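The UniProt record's numbering puts the first residue of the sequence shown at 1, with every later residue one more than the last.
Even glycine gets a Cβ: it sits at the ideal position worked out from N, Cα and C.
A quick note: this is a predicted structure, and the numbers were derived from the prediction, not measured.
Have a look at the structure below before the remarks.
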Amino acid sequence: MAIVMSTPDVDGLARVTGALRDWQADDAPAHLHPGDVGWFWRYGAAATAAAVRTWSRDGRVLAAGLRDGATLLRLTTAPDARRDEELALRLASDLTDPDRGVLPAGRVNVEAPADALLQDLLAERGWDTDEPWQPSSRDLTAPVEDPGLRVEAIGPDRAHERTAVQRAAFTSSTFTDERWRAMASGPLHADARCLVGYDEHGVPVAAVTVWSAGPGRPGLIEPMGVHRDHRGHGYGRAITVAAAAALRELGASSAVVSTPSANHAAVATYRSAGFRDRPEVRDRYRAG
């Protein structure tokens with residue numbers, strides 16, 4: 001049967017995130033994680049469903065993408081479908097043609113696994129590579145050291161602390177208490193933890209959200225931030241170590257995170273927290 005592209009309804013998101021869980025592996029290239037969908041859920045269930053695209057054959061999901069903003073599609077495939085020619089050709093056509101409704105006209109970006117045949121087909125169609133990102137991971141086989149900072153998992157009663165640190169860490173952040181509640185209402189949040197770190201005076205100084213993909217699979221750190229007024233004290237390393245410990249408690253085999261390679265401070269923070277660099281990745285972009 002032919003490849004079928006579709007946009008799931010809210011109920012259909014469970015099938016998509018289930019596939020994403022199954023596709024996670026410690027030796028896989030950096031790619032879309034169910035936690036990415038969980039983090040997007042802060043915009044609500046309906047918006048999340050509308051941002052997702054799937055490509056299926058014979059009822060099996062072979063590829064899934066998340067429209068993360070107006071011009072970026074974060075895409076991955078089943079591990080055994082990375083070099084599937086029929087799938088890659090359909091994906092390349094759908095992503096290149098604005099009339100297909102996946103990406104608009106103008107400059108757009110696609111994040112896809114580095115070993116996917118799609119990368120070659122997009123290059124043949126004139127898509128260039130964008131700035132590099134640095135994925136990194138930490139093995140969680142052994143117990144994680146004490147972070148050296150008081151870190152607590154927070155719920156609805158202290159969501160305001162989590163959102164306030166996020167906004168103070170990222171000037172463009174729109175993470176509000178309402179959006180935290182929307183995120184927490186989603187089914188993926190059951191396998192997530194929001195952590196806040198406090199200095200010796202009890203002031204919230206750093207925060208992170210971690211997402212499990214299930215026991216024995218890599219867990220995701222997305223996002224992590226340090227309050228702009230409290231940088232330079234090692235709080236980023238501390239909250240990242242705490243994030244790794246939380247993922248280990250959730251049964252994750254490793255912790256993964258990705259940041260722009262040009263963000264040298266973030267790259268150094270993850271290295272100091274025991275994360276090892278993995279091969280850099282680059283989006284493909286179409287100039288328009």
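Residue i versus residue j: straight-line alpha-carbon distance, rounded
i, j, result
"R21", "D115", "19 Å"
"L89", "L121", "7 Å"
"R15", "D191", "16 Å"
"P34", "A213", "7 Å"
"L40", "D68", "Inspection of the sequence shows that residue 40 is occupied by Phe rather than by Leu. When rounded, the distance between both Cα atoms is 8 Å."
"G234", "G38", "28 Å"
"D146", "P218", "21 Å"
"Q24", "L140", "15 Å"
"P215", "L247", "10 Å"
"L250", "L32", "19 Å"
"M1", "D58", "6 Å"
"V52", "S93", "17 Å"
"D9", "E200", "46 Å"
"L195", "T174", "18 Å"
"Y285", "R107", "7 Å"
"R193", "Y270", "19 Å"
"F170", "P223", "10 Å"
"T76", "R100", "18 Å"
"residue 302", "G236", "Lying before the first or after the last residue shown, residue 302 is absent from the chain, which here runs from 1 to 288."
"L13", "T259", "26 Å"
"S172", "R231", "18 Å"
"D84", "P113", "13 Å"
"T176", "V203", "19 Å"
Cβ separation of residue i and residue j, assumed to be a contact under 8 Å, to the nearest whole Å
i, j, result
"S254", "R74", "With a Cβ gap of about 20 Å, S254 and R74 do not count as contacting."
"E124", "D283", "Wrong, their Cβ atoms sit about 17 Å apart, outside the cutoff."
"L95", "L87", "At roughly 12 Å, the Cβ-Cβ gap does not stay under 8 Å, so L95 and L87 are not in contact."
"Q134", "V267", "5 Å"
"V144", "A262", "Contact flag wrong, Cβ pair sits at about 28 Å."
Identified DSSP bridge partners for residue i
i, result
"A153", "L195"
"V208", "L195, M224"
"T259", "Q134"
"T77", "A63"
"M183", "None; M183 has no bridge partner."
"R276", "S137"
"W55", "M5, A63"
"Y285", "N109, D128"
"L72", "N109"
Pick from the options that is closest to residue i, judged by C-alpha positions
i, options, result
"R162", "H201, E178, P147", "E178"
"L117", "G236, V165, L91", "L91"
"D36", "A252, L250, A207, L188", "L188"
"N109", "M224, D128, G186, A2", "D128"
"V151", "A169, A243, A45, S6", "A243"
"S185", "F170, G18, A159", "A159"
"P98", "D84, A70, G12", "A70"
"L220", "M5, A19, D26", "D26"
"R181", "Y43, A50, S261, G126", "Y43"
"R82", "L66, L72, L62", "L62"
"R276", "S136, T176, A262, P143", "S136"
Proximity below 9 Å, CB of residue i to CB of residue j
i, j, result
"P132", "V281", "yes"
"V226", "V205", "yes"
"A238", "G197", "yes"
"P29", "R278", "yes"
"V241", "G148", "yes"
"A64", "W55", "yes"
"G288", "A105", "yes"
Cβ-heavy atom distance, residue i to the ligand FAD, below 8 Å
i, result
"V61", "The ligand content of the structure shown is nil, which means the ligand FAD is not present either."
Chain B within 9 Å of residue i, Cβ atoms only
i, result
"T176", "Structure shown: chain B not included; a single protein chain is present."
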